[in-house]
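Peer 1: The opening residue of the sequence shown carries number 161 in this note's numbering; numbering runs sequentially from there.
Even for Gly, the Cβ is constructed at its ideal location relative to N, Cα and C.
Please read all numbers here as calculations on a predicted model, not as lab measurements.
Sharing a structure, written as structure tokens. Questions coming.
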Amino acid sequence: MRGGLLYGSGKRGGGDQPNLGPQTPMKVLVWNCQGVGSTLTIPHLREVSNLLSPNMLFLSETKNRERYMNTVREKLNFENSCVVESMNRSGGMTLMWKDEVKIREILKTAFTIEAQVEDFETKTTWWFIGIYASCDNLIRKSQWKVIQERKRLWGGKWIIAGDFNDILSNEEKWGGRWREEKSFSDFKNFINDNQLVDIGFEGNPWTWSNNWEEIGEVRERLDRGLCSLDWSLVFDKVKCTHVDTFASDHSMLMIDTKPEARKRKKRFFFDRRWLKKEGVQDVIRNAWDQDFEGSRMFRIKCKIRNCRIELLKWKNNSNCNAKKKIDQLKSQLEKLQYNTRVDTRRETVDLKNQLKVAYKEEEMFWHQKARINWLKEGDKNTKFFHAHVKGRRRRNRMLNLQREDGSWTENEQELGKEVADFYRQLFTSKGNGSTEEILRGIPPTITASMNDQLTRGVDEEEIRSALFSMSPDTAPGMDDDSLIFCKADTKHAEELRRILEAYERSSGQVINLEKSSVFFSKNMDHSKKLEVCRRLGNIQMVNQGKYLGLPMVITRTKDQIFGFIRDNIKKNLGSWKQKLLSQAGKEVLLKAVTQAMPTYAMSCFKLPLKLCKELSAMMARYWWGDNDGKDKMHLCSWKRITQAKNQGGLGFKDLVNFNRALLGKQIWRMLVNPNLLASKVLKAKYYPTGSIFKSKCPQNASWIWQSLMGATQQVEEGTWKKIGNGTSTDIWEDKWIVGNKEGRPSTTKPPECKVQKVQDLITHKRWNKVVVLRTFNGRDAEKILSIPISLAGKEDSNFWIHSPMGHYTVNTGYKVLMKEKVIQERNGYDGAGTSRHSSSKQMWSCLWKLNIKHKLKTFMWKCINNALPVNEVIFSRTQKGDPICKVCGEGVETVDHALLNCRQAKQVWQIAPVQWEGAREKQGCFKDWWNEIAGARSRQAGDEHLGLTVNILWQVWKSRNEWEFNNNQRHALKTIQKAQEEWIEFCEVYKDKEQLSTVETAANQFQRVEVEDAEVVQVKIAALRKPNSSEVGIGVTAMSKGNVVVAAWAMHERSYNCPQLDEAEAIKLAMSKLVVKGWRKVIIQSCNKQLIQQICSGRASNIKLYTLVDDILSLKALFHMCSFCAISKVDNHISIKVGDYALGIIHDEEWFNPLCC
């Protein structure tokens, strides 16, 4: 009988001597032997016991009485045992252990044996629980509940191992039918609710087999070891090995708490903490400046090696070990506490400050080792980083490899030989190296100019850009795959096989058929499928599954098809490491990791609404947290949380709109890149003629196309035309006039008007003012004439109006959808509501811009949204407890009462170093009070006052919690001192980070360029516009070596009414003059830093500027060398004078006399 809830206690058997022998690492052998009376069981157990030397043995499904099990214990040379007898020749469990193991207590139920182990080596006690779970789903579910109750008896450190009779996913199963995803939920919930860690395994991934022949065989991982978080931190190197056996359907589990690991030579890693140490920069500079002989790459290699050697010398002479420093400081503080001297306070404070610095260094160390880019150090996440590193180490260990014949390596020597043999075969070419056959059918597409561009040398700026775009603590990797489509018949199969063989002969690379597979459409006959597979070399056939992470077949049960997303997120959020994060850390995890997990699938498919709601609910439960497996109260709706931060939310993604925004990106790609393979395939099938915006969705359309059609409208509404030469833009139908709400002319088309295309309004690459003024009203004409026209005569293109760069981005698409959602919800609001919204937006912006800890921002967000668990909020939601304040007993405890109006809070504010007398009348509503004092941010030291205020509020809240839960009253002075200490500490850390920040790039600063090359010409440009005028004067001066003026131009143009656009137009016109002049090496200089930045990056801030920047970059390609930099007005005074002169001329003027300026 596997079920049952009978409990009892057991004593050790087979001797009464106390276990006082020397403690050794625990080695536990766990096995479902399926009857210990089998003729093979005892001999096999004795053989494995002699080989692996376990000091504890747990057997399940023994099918025998206690008397017989004592005989088995003696045969296996174990001194002690605890037995749960079988009932009706089924079930039964036994735990055996040697005298060297100290067992303090034994408990047992109908399906577990629980032993408390006293571990002398780790100086701790922990519990081992052997389990034999029921194969009945309902009984097993009740057993999970029993374990959840009994874990209180075991404390924090325990491990449970044995036959769980369940798996977590279909990935832990081989053969047989796939199970529905919901069938795994009970076991998953059991693991997540109890915060259990799977200790992993080595060896064969399956622990049970039904031992059927051929296609009927099913294998599953029914046996495993799970441990608590605290146990995993103590035994972080635990190893679980699957031991194959012929005496049972189940494999054995060999759990070793301290496996022997080969000591490796430590690699050198640069420690980021060194950057804060004095002298380290001099060490690096001196080491790098040392000269070496040889090639350039060899010299660089020697310099890096020299830096490593010198840093190691410096490290050995410096006290860089933060852990040792922490232990030393704690020891010194402990001695001071017992010191009878009176004058130890100053010394104590100094040691505490040193201890804070040491803890920060320790957190930086573990953050770097954890390689977590989405979470930053500085908020006491050391335990999370530490746990993550240990998990990564366990994953990165390679202790066994499976050979080609299916067997496994058994030791380190065999493992090394297998790796060497694999790569020796991999890098051995088996072809003739001739590429003529495989290149015969490929048409040449690389032109001579393309080839020159591809084969040219890499300059230093490209190397720097690539190098500094990498994450500083990680290494790059690569991945590839190949996908081939063809008709499923024997003829095409043989031809495909011939092509692959030709590739093998030419390249020497052999196709691995074991890692290749073929997928057929559903209307294919099974016998033909087998024949095609045979012709392709007996390649394996897959029916359902995923390719590159996406399902290959989408059926009507979409909730099940995309269930893997739910499972992945559940696994991510249920991971024990994530439990170590604060609520602010959880927010970062959800935004940077969890919400990105379904992105790949949502980019191609519309997820079911039900699934999106489930994922949102999972993230909400994780963010608010749980207590002993029970969800905490959600004090704010997820709908509110998904709003933008300046709207009062936290900026979490609304998954439905995020899904639509991602699909919109695919629509945009097909619109602007019609030559992509995906664009061609979908266009040929669904809209062979016309635009994608005019296409329809047939009933038999694929789910991909149905998903894309749901996002078409939003993309169409935001897509405008960017004018190039005007040939493809319809004046009256297309959206192209920037500044008009609808993008179309407000002018009614005259009855006899023959102007239809925008090109009819253009002459000589300029607007035809006469036609424009005659055709349109004054407002439209003014806006049209302010639109730049492409100098290069490029075709009109699509422009996403919501993005400065003009390209559709998921971020801008999502913002548009969320804005529409907010507008729909506010349709009934009046003007006053809009005014309140504007004021509220300023209040939220003030909060998020404050330079304070992120957790304090989250705390303030809760306060303003009335989402703090004060007594009044809890009572109104649950009708339980007392809404009265327990601290003062004088009124209902609301947020404003707890933080501002309570007697204890008032005492704190009376002695606070910041006072807000002007906001006293607003203290009845915390939101109004904060809105009132937020205006102080614009005053001198306003940020510092608000930051300290938030720290005081935080300490008032912590003081309230001390009284609420511990009946411990904290003095008001201590509350203020604690707030000031934390605020000063944060300011010092922030100051350190500012000092370590990267210096601004060259394009962001004014530069004075000294020209050394006689062929290089400096071109200084200035654009000046008179106030209340529509004209601009452009001044250009060209200087050679020694700042000698060689040419100058004064040009008079129409102004765009925007200084940046005017300056860009001036640069464009000046570069056109330089091309005519024949100069090939130029440096373009301007006083507009932002414009220079945008030109260097190729990113424009609006649609008009985009056209001008595009023209500038096209002109740049005509020079051998052309660069851009920003200069000060002092250095550009000559061009400014010329520009001022240009305002008074009618025709452009130019000079080639050095004395002209």
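Under three-state DSSP, which class holds Trp257?
Peer 2: Stepping through the sequence shown from its first residue, residue 257 is reached at position 97. In the structure shown, Trp257 sits in a strand (DSSP, three-state: E or B).
Peer 1: Who pairs with Asn192 in a beta bridge, going by DSSP?
Peer 2: In the sequence shown, residue 192 corresponds to position 32, counting from 1. According to DSSP, which records beta bridges pairwise, Asn192 is partnered with Ser220.
Peer 1: If you scan the segment 817-901 from start to end, which runs of the alpha helix (DSSP H) of 4 or more residues do you find wholly inside it?
Peer 2: Counting only runs of 4 or more, we get 837-846, 863-869, 872-878.
Peer 1: Is the CB-CB distance between Ile1296 and Leu1184 below 8 angstroms?
Peer 2: Stepping through the sequence shown from its first residue, residue 1296 is reached at position 1136. Stepping through the sequence shown from its first residue, residue 1184 is reached at position 1024. Ile1296 is a Cβ neighbour of Leu1184, given a cutoff of 8 angstroms.
Peer 1: As a quick exercise: from Leu656, Asn835, Tyr1266, pick the residue whose alpha carbon is nearest that of Ser963.
Peer 2: As a working mapping, residue 963 is identified with position 803 in the sequence shown. Measuring from the Cα of Ser963, the nearest candidate turns out to be Tyr1266.
Peer 1: Note down the Cα distance separating Gly538 from Val1149, rounded to an integer number of angstroms.
Peer 2: Residue 538 sits at position 378 when you count from the first residue of the sequence shown. Residue 1149 sits at position 989 when you count from the first residue of the sequence shown. For Gly538, the predicted structure reports a pLDDT of 45, less than 50, and the residue's modelled location is therefore unreliable. A value from the coordinates is still provided. One C-alpha to the other measures close to 8 angstroms.
Peer 1: Helix, strand or coil for Ser478 per DSSP?
Peer 2: The residue given as residue 478 occupies position 318 in the sequence shown. If DSSP states are grouped into helix, strand and coil, Ser478 belongs with coil.
Peer 1: Please go through the segment 375-451 and give each complete beta strand (DSSP E) segment of 3 or more residues, from N-terminal end onward.
Peer 2: The segment 375-451 contains these whole beta strand (DSSP E) runs: 383-388, 399-403, 412-416.
Peer 1: Please work out which residues of its chain come closer than 8 angstroms, Cβ to Cβ, to Ile1306, disregarding the five sequence neighbours upstream and downstream, and give them in chain order.
Peer 2: Stepping through the sequence shown from its first residue, residue 1306 is reached at position 1146. Same-chain partners within the cutoff: His1212.
Peer 1: Going by DSSP in three states, Met1003 sits in which element: helix, strand or coil?
Peer 2: For the purposes of this step, residue 1003 is identified with residue 843 of the sequence shown, where counting begins at 1. In this structure, Met1003 counts as helix in the three-state DSSP scheme.
Peer 1: Can you find the residues in the same chain that come closer than 6 angstroms, C-beta to C-beta, to Ser946, ignoring five residues on each side of it along the sequence?
Peer 2: Position 786 of the sequence shown, counting from 1, holds the residue named residue 946. Within the same chain, Ser946 has close Cβ partners Tyr1216.
Peer 1: Can you tell me which of the three DSSP states Trp372 falls into?
Peer 2: As a working mapping, residue 372 is identified with position 212 in the sequence shown. The answer is coil: DSSP assigns Trp372 none of H, G, I, E or B.
Peer 1: For the beta strand (DSSP E) holding Ala321, just list the boundary residues, first then last.
Peer 2: The residue you call residue 321 lines up with position 161 of the sequence shown. Per DSSP, Ala321 belongs to the beta strand (DSSP E) from 318-323.
Peer 1: Return the Cβ separation of Asp383 and Val398 in integer angstroms, given the expectation that the two are a contact with Cβ distance under 8 angstroms.
Peer 2: What you label residue 383 is simply residue 223 of the sequence shown in a count that begins at 1. What you label residue 398 is simply residue 238 of the sequence shown in a count that begins at 1. Contact between Asp383 and Val398 does not hold, since their C-beta atoms are separated by about 16 angstroms, which reaches or exceeds 8 angstroms.
Peer 1: Got a sec? Which residues, its chain only, sit under 8 angstroms from Gly953 by beta carbon, not counting five neighbours each side?
Peer 2: Position 793 of the sequence shown, counting from 1, holds the residue named residue 953. Counting only Cβ-Cβ distances below 8 angstroms, and skipping sequence neighbours, we find Gly884, Asn885, Lys925.
Peer 1: So does the segment 303-311 actually touch the segment 358-368, counting three or more Cβ pairs closer than 8 angstroms?
Peer 2: These segments do not touch.
Peer 1: Can you list the alpha helix (DSSP H) stretches of 4 or more residues lying completely in the segment 1224-1297, in chain order?
Peer 2: 1249-1257, 1263-1276
Peer 1: When burial is assigned at 16 or more other CB atoms within 10 Å of the CB, is Lys746 buried or exposed?
Peer 2: Stepping through the sequence shown from its first residue, residue 746 is reached at position 586. Under this definition Lys746 is a buried residue.
Peer 1: Determine contact between the segment 1222-1234 and the segment 1189-1198, defined as no fewer than three beta-carbon pairs at a distance below 8 angstroms.
Peer 2: yes
Peer 1: Applying the criterion that 16 or more other CB atoms from any shown protein chain within 10 Å of the CB defines a buried residue, is Lys956 buried or exposed?
Peer 2: Here residue 956 refers to the residue found at position 796 of the sequence shown. It is Asp, not Lys, that sits at residue 956 in the sequence shown. Taking all protein chains shown into account, Asp956 has 16 or more neighbouring C-beta atoms within 10 Å of its C-beta and is therefore buried.
Peer 1: Is Pro834 close to chain C, meaning its C-beta is less than 8 angstroms from at least one C-beta of that chain?
Peer 2: No chain C appears in this structure, which consists of one protein chain only.
Peer 1: Mark Tyr583 as exposed unless 16 or more other C-beta atoms lie within 10 angstroms of its C-beta, in which case mark it buried.
Peer 2: One-based indexing of the sequence shown puts residue 583 at position 423. Exposed.
Peer 1: Go ahead and label Phe452 buried or exposed: buried means 16 or more other beta carbons lie within 10 angstroms of its beta carbon, across all protein chains shown.
Peer 2: The residue you call residue 452 lines up with position 292 of the sequence shown. It is exposed - the Cβ of Phe452 has fewer than 16 other Cβ atoms within 10 Å.
Peer 1: Please list the terminal residues of the continuous alpha helix (DSSP H) segment that includes Val970.
Peer 2: The residue you call residue 970 lines up with position 810 of the sequence shown. From DSSP, the alpha helix (DSSP H) with Val970 extends over 970-985.
Peer 1: Given a threshold of 16 other Cβ atoms within 10 Å of its Cβ, counted over all protein chains shown, does Phe238 qualify as buried or as exposed?
Peer 2: Start at 1 with the first residue of the sequence shown, and residue 238 comes out as number 78. With 16 or more other Cβ atoms within 10 Å, it is buried.
Peer 1: For the segment 1280-1299 against the segment 1246-1264, are there 3 or more C-beta pairs whose distance is under 8 angstroms?
Peer 2: Yes: at least three Cβ pairs fall under 8 angstroms.
Peer 1: Looking at the strands, I want to know which residues DSSP matches up with Phe1346.
Peer 2: Only positions 161 to 1317 of the chain appear in the structure, and residue 1346 is not among them; the question remains open.
Peer 1: Identify whether Phe679 lies in helix, strand or coil by the three-state DSSP scheme.
Peer 2: Translated into the one-based positions of the sequence shown, residue 679 becomes position 519. Residue state, collapsed to three classes: strand.
Peer 1: Have a look at Lys437 and Lys475 and give me their C-alpha separation to the nearest angstrom.
Peer 2: One-based indexing of the sequence shown puts residue 437 at position 277. One-based indexing of the sequence shown puts residue 475 at position 315. Computed Cα separation, rounded: 10 angstroms.
Peer 1: Flag this pair as yes or no: are the beta carbons of Ile721 and Ile714 separated by less than 8 angstroms?
Peer 2: One-based indexing of the sequence shown puts residue 721 at position 561. One-based indexing of the sequence shown puts residue 714 at position 554. Between Ile721 and Ile714, the CB-CB gap stays under 8 angstroms.
Peer 1: How is the beta strand (DSSP E) around Glu1330 delimited, first residue to last?
Peer 2: Any question about residue 1330 goes unanswered here, given that the chain covers just 161 to 1317.
Peer 1: Exposed or buried, which one is Thr272 when buried takes at least 16 other CB atoms within 10 Å?
Peer 2: Residue mapping note: residue 272 aligns to position 112 of the sequence shown, counting from 1. That one is buried.
Peer 1: Please look up how many angstroms separate the CB atoms of Trp880 and Ile961, rounded, as I've assumed it's under 8 angstroms.
Peer 2: Start at 1 with the first residue of the sequence shown, and residue 880 comes out as number 720. Start at 1 with the first residue of the sequence shown, and residue 961 comes out as number 801. That pair is a contact at about 5 angstroms.
Peer 1: Can you tell me the Cα-Cα spacing of Trp798 and Lys223, whole angstroms?
Peer 2: For the purposes of this step, residue 798 is taken as the residue at position 638 of the sequence shown. For the purposes of this step, residue 223 is taken as the residue at position 63 of the sequence shown. Trp798 and Lys223: Cα-Cα distance of roughly 53 angstroms.
Peer 1: Using 8 angstroms for Cβ pairs, my map puts Phe350 next to Ser329. What's the rounded Cβ distance?
Peer 2: Here residue 350 refers to the residue found at position 190 of the sequence shown. Here residue 329 refers to the residue found at position 169 of the sequence shown. Not confirmed; about 14 angstroms, so no contact.
Peer 1: If you draw a straight line from the C-alpha of Arg553 to the C-alpha of Leu710, how long is it?
Peer 2: On the sequence shown, residue 553 is found 393 positions in, with the first residue counted as 1. On the sequence shown, residue 710 is found 550 positions in, with the first residue counted as 1. Legend: pLDDT at Arg553 = 48, less than 50; position of this residue unreliable, value from coordinates given subsequently. Roughly 29 angstroms between the two C-alpha positions.
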